[in-house]
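Note that the protein sequences, when read in sequence, are chains A and B. Going by the working numbering, 162 is the number at position 116 of the first sequence; the sequence numbering is gapless. Going by the working numbering, 173 is the number at position 127 of the second sequence; the sequence numbering is gapless. Report on the structure given below.
Number of protein chains: 2
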Amino acid sequence: MRRFTFDRHAVTVDIVLFTIEKETLKVLLVKREHAPFSGKWALPGGAVEGYESVDEAALRQLQKETHVGNVYLEQLYTFGDLSRDPRGRVITVAYYAVVHHDRFQLDALNGHGGHLFSLNRIPPLAFDHSKIIDYALERLRHKVNYTTICFQLLPEKFTLSESQKAYEVILRQKLDKRNFRKKMLQLNILKGTREKRRGGARRPAQLYSFTESKVLKLQERGILIPF
Amino acid sequence: MRRFTFDRHAVTVDIVLFTIEKETLKVLLVKREHAPFSGKWALPGGAVEGYESVDEAALRQLQKETHVGNVYLEQLYTFGDLSRDPRGRVITVAYYAVVHHDRFQLDALNGHGGHLFSLNRIPPLAFDHSKIIDYALERLRHKVNYTTICFQLLPEKFTLSESQKAYEVILRQKLDKRNFRKKMLQLNILKGTREKRRGGARRPAQLYSFTESKVLKLQERGILIPF
DNA sequence: ACAAAAGTGTTCGATATACACCCATGT
DNA sequence: ACATGGGTGTATATCGAACACTTTTGT
């Protein structure tokens, strides 16, 4: 069988890792050590190698930085403009990950200077990475509405207030407590445990756990359809 | 500045072109002339060249087959498994296009044997192209619910029945005529013309035109949120 | 006792759904 | 005259939105 006559291209993956820390939605950035954009912050990522699929490359890069296992990781978009990288065109397949911050550790040994940045305080980034983050955020905000992706940001057991807070932080709006609870419990995706979250100087809260190990699509009612 | 030390990869684009013909949703396929999968049907597409962005490559491939101008063309997903192509790993960035069938002509000269296939009657396809079509169809069905993408499938002037038919064909369900019309007119995206569609042996129907030249996002009411 | 978050129902308005008949035209 | 798709309105059910007070704990 013939070999390719195709042009060949540099292909990378970039990962937008979302997490919630101190009731704020944050993104993982690493400091670049080499040109181009040496010293600038950038998304974690790197080249796709010949022996791995693109998905595998994304997972490998994510694990290199965070040692996270069993993450929600979804392909976002492929950015293929000619001018993204000053060295020449690099096609990057962007992914986003959503994970509770207890479930990963930044790799200090790596010397990568990984750091979580609040989304309001993203520094100037290398390449078109700030565009990629915008896109990822848009996707996340959208998905929160019709999937259970939000529970990826919570620990295994959580209170209803904690989950409400997660929605509020992503959607950037206050939600009504009674309506939130009513709806959340109606969805039949939470299991009450008999435990309570104690520790604060206040009434202990009931802990719930998410019944599914996977992110679910909730039944979607179209805007235009169905009639 | 240093050159890359990256592995380089074969990168292609593939296009899922949707159109409606004879009240059926169809997809454009071309017959392959060379190995691998010589003689099999496949999505139109081809290699990304070094001088063009990935988006430009998609548009170029689409125009090569159809001579269509000003199409709705959206990136779908990037497929990067190792085994997609028997010659070795080819990364393909899939796109989908949505266009009324009057607005393009299949290129007979090209000898590509382009042909529109009804979605119920897709023949066995080369590579993972049938997976790509499934994915595109899912996206289209989803987008129909919260955008005006459906009007891309209609001529400039159309009747309400024609647009209802387009929704029905995509969603694979009958819709209620009165509810459809009420909602469609409430949305304020259609302009009535004074013309009527004559020709059938029946009452002439009022023609409408879509007020926007672009596909709109309709306000989206989340399922889970807002409260 | 007090501060702070947990927990709990009802009412109202908007929107989706279900449903059947007359109209205008070409043959 | 008749066959065919065009065109129209109302009643009901469901769901989202707004809204305030009592409870439980730690200090």
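Even glycine gets a Cβ: it sits at the ideal position worked out from N, Cα and C. All of these numbers come straight from a predicted model, not from anything done at the bench.
Using a beta-carbon distance below 8 Å, is residue i in contact with chain A?
{"i": "residue 52 (chain B)", "result": "yes"}
{"i": "residue 94 (chain B)", "result": "yes"}
Less than 8 Å between CB atoms is the rule here; does residue i satisfy it with respect to chain B?
{"i": "residue 141 (chain A)", "result": "no"}
{"i": "residue 126 (chain A)", "result": "yes"}
Nearest to residue i by alpha carbon, out of the options?
{"i": "residue 214 (chain A)", "options": "A:204, A:226 and A:141", "result": "A:226"}
{"i": "residue 219 (chain B)", "options": "B:70, B:262 and B:52", "result": "B:70"}
{"i": "residue 91 (chain A)", "options": "A:84, A:106 and A:81", "result": "A:106"}
{"i": "residue 178 (chain A)", "options": "A:79, A:188 and A:124", "result": "A:124"}
{"i": "residue 258 (chain A)", "options": "A:190, A:246, A:235 and A:146", "result": "A:235"}
{"i": "residue 137 (chain A)", "options": "A:229, A:222, A:55 and A:79", "result": "A:55"}
{"i": "residue 75 (chain A)", "options": "A:167, A:187, A:231 and A:216", "result": "A:167"}
{"i": "residue 62 (chain A)", "options": "A:98, A:162 and A:255", "result": "A:162"}
{"i": "residue 51 (chain A)", "options": "B:57, B:129 and B:51", "result": "B:57"}
{"i": "residue 265 (chain B)", "options": "B:189, B:255 and B:118", "result": "B:189"}
{"i": "residue 141 (chain B)", "options": "B:122, B:187, B:114 and B:83", "result": "B:122"}
{"i": "residue 255 (chain B)", "options": "B:185, B:120 and B:194", "result": "B:194"}
{"i": "residue 101 (chain B)", "options": "A:129, A:120, A:109 and A:116", "result": "A:129"}
{"i": "residue 205 (chain A)", "options": "A:244, A:109 and A:67", "result": "A:244"}
Can you pull the chain B residues whose beta carbon is under 8 Å from the beta carbon of residue i, in chain order?
{"i": "residue 76 (chain A)", "result": "Chain B residues near residue 76 (chain A): none, gap ~18 Å exceeds 8 Å."}
Just to confirm, are residue i and residue j a CB contact at a threshold of 8 Å?
{"i": "residue 200 (chain A)", "j": "residue 207 (chain A)", "result": "no"}
{"i": "residue 59 (chain B)", "j": "residue 103 (chain B)", "result": "yes"}
{"i": "residue 72 (chain A)", "j": "residue 172 (chain A)", "result": "no"}
{"i": "residue 183 (chain A)", "j": "residue 165 (chain A)", "result": "yes"}
{"i": "residue 242 (chain A)", "j": "residue 251 (chain A)", "result": "yes"}
{"i": "residue 211 (chain B)", "j": "residue 253 (chain B)", "result": "no"}
{"i": "residue 192 (chain A)", "j": "residue 263 (chain A)", "result": "yes"}
{"i": "residue 111 (chain A)", "j": "residue 53 (chain B)", "result": "no"}
{"i": "residue 147 (chain A)", "j": "residue 65 (chain A)", "result": "yes"}
{"i": "residue 149 (chain B)", "j": "residue 114 (chain B)", "result": "yes"}
{"i": "residue 198 (chain B)", "j": "residue 144 (chain B)", "result": "yes"}
{"i": "residue 99 (chain B)", "j": "residue 126 (chain A)", "result": "yes"}
{"i": "residue 133 (chain B)", "j": "residue 170 (chain B)", "result": "no"}
{"i": "residue 261 (chain B)", "j": "residue 97 (chain B)", "result": "no"}
{"i": "residue 217 (chain A)", "j": "residue 187 (chain A)", "result": "yes"}
Residue i versus chain A: which residues are under 8 Å apart at the beta carbon?
{"i": "residue 109 (chain B)", "result": "Within 8 Å Cβ-Cβ: nothing; residue 109 (chain B) doesn't reach chain A, min ~18 Å."}
{"i": "residue 123 (chain B)", "result": "121"}
What residue range is occupied by the uninterrupted alpha helix (DSSP H) comprising residue i?
{"i": "residue 229 (chain B)", "result": "223–232"}
{"i": "residue 186 (chain A)", "result": "175–189"}
{"i": "residue 215 (chain A)", "result": "206–217"}
{"i": "residue 110 (chain A)", "result": "100–112"}
Could you name the residues of chain B that residue i contacts, counting a contact when the two beta carbons are closer than 7 Å?
{"i": "residue 137 (chain A)", "result": "57 and 100"}
If you follow the beta strand (DSSP E) that residue i is part of, which residue opens it and which one closes it?
{"i": "residue 67 (chain B)", "result": "54–67"}
{"i": "residue 237 (chain B)", "result": "236–243"}
{"i": "residue 152 (chain A)", "result": "Where residue 152 (chain A) is concerned, there is no enclosing beta strand (DSSP E), given that its DSSP letter is neither H nor E."}
{"i": "residue 138 (chain B)", "result": "136–144"}
{"i": "residue 72 (chain A)", "result": "70–77"}
{"i": "residue 124 (chain A)", "result": "118–125"}
{"i": "residue 161 (chain B)", "result": "161–164"}
{"i": "residue 92 (chain A)", "result": "91–93"}
{"i": "residue 253 (chain B)", "result": "251–256"}
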